[in-house]
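Here the structure comes first, spelled out in structure tokens, and everything after it is commentary.
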Amino acid sequence: MNNLQALWLGILQGVTEFLPISSSGHLVLGKSILGLHTEGVLYEVFVHFGTFLAVLTVFWDDIRKMFGALWRALQHPRPNNLSRSCREDFFFRLVILIALGTIPVIVVGLLFEGEIEATFSKPLFVSFALLVTGTILLGTRWSRPRDRQFGMVRALLIGVAQSFAILPGISRSGSTIAAGMYLRVDRSEAARFSFLLALPAILGATVLEGLKLFQSGIPSHQAVPLLVGTIAAYVSGTIALRWLLGVIRRGRLDRFSYYCYAVGLVALIWFSKGTHF
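Here this note's numbering is used: position 211 in the sequence shown is 211, and no number is missing along the way.
So this is what it looks like as structure tokens:
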């Protein structure tokens, strides 16, 4: 992979990571069309770290308040104090809900790691998965979100939705925001929870795969392209995330379903000949 290809794929990752159209699916299709063959998930690990930094940048104020709330609660870690903090401190409660929502993706990722990684080399599978994402998004047209806050059950169910999005072609942001809307959570609150929920998932995957890469080593000729891709993913991801938050406040999530249907159908036709599922 050369620097120009890394730049293009980094921009693709940054934009599609936050738009509800599946970044991992677009990377699989993009690499297949360009004829690129990266070993394992090396490139995905680096560009996902770029998008992790983008979420930190956009939601830094919320993240700072969450760490502050957690620090205050842990200074007096008695059950009664923690229970009171959970009731009275919004940001401490948000920490608890994010931790709870992260459990499903950890379980699924550890149990099915090999099977999940295998799907990253199957563009035909991604084509079908994009059609599923389109259907999930289209269904939000009939949702009636109204609540600004939610509890543990809703957080856990949104986490279950995120666990399915480990598969390339299933949009993580699309499935989690849609799950929140199906559960009648206000769309802006569902979006904020979705992207904050992404932080431990992205960081965990990056650390897990990064440890493997550290043991095997990174090819020296790939160092610069990986850096280029990471920076491109960060910059484009920051821009895309800020734009999407505005779109969600003003418009409807189901409009992205038509794009997913179009790309899924075109990719399905393109890869259906001579491609193994």
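Glycine residues also receive a C-beta, built at the ideal position from the N, C-alpha and C atoms.
Secondary structure note for Phe-92: its alpha helix (DSSP H) is the uninterrupted segment 90-111. The alpha carbon of Gln-13 has as its nearest neighbour, out of Gly-169, Val-58, Gly-139, the alpha carbon of Gly-169.
When the alpha-carbon of Asp-89 is set against those of Leu-70, Val-266, Arg-78, the nearest one is in Leu-70. Of the residues assessed, Val-105 falls on the buried side of the cut-off, its CB having 16 or more other CB atoms within 10 angstroms.
Apart from sequence neighbours up to five positions away, the residues of its chain that approach Ile-158 with a beta-carbon distance below 6 Å are Gly-101, Thr-176, Ala-179, Gly-180, ordered along the chain. By the C-beta density criterion, Val-266 is exposed, having fewer than 16 other C-beta atoms within 10 angstroms. Counting C-beta pairs closer than 8 Å gives fewer than three between the stretch 53-72 and the stretch 117-126, which falls short of the contact rule.
Note that the C-beta distance between Phe-59 and Phe-195 is below 8 Å. A residue is called buried once 16 or more other Cβ atoms fall within 10 Å of its Cβ, and Asp-61, having fewer, is exposed. By the neighbour-count criterion, in which 16 or more other beta carbons inside 10 Å mark a residue as buried, Arg-154 falls on the buried side.
Going by C-alpha positions, Thr-57 is about 43 Å away from Lys-273. For Asp-186, the secondary structure class from DSSP, reduced to helix, strand or coil, is coil. Counted as a single uninterrupted DSSP element, the stretch harbouring Ala-165 is not any alpha helix (DSSP H), since DSSP gives it neither H nor E.
The beta carbon of Leu-138 sits closer than 7 Å to those of Asp-254, Ser-257, all from its chain and outside the five residues before and after it, given in chain order. Here Pro-77 is exposed. Its C-beta has fewer than 16 other C-beta atoms within 10 Å.
The beta carbon of Ala-191 is closer than 7 Å to those of Ile-177, Leu-245, Ile-248 in its chain, skipping five residues each way along the sequence.
With 16 or more neighbouring CB atoms inside 10 Å of its own CB, Met-1 falls in the buried class. The beta carbons of Gly-264 and Ser-127 sit closer together than 8 Å.
Apart from sequence neighbours up to five positions away, the residues of its chain that approach Ile-202 with a beta-carbon distance below 7 Å are His-48, Thr-51, Phe-52, ordered along the chain.
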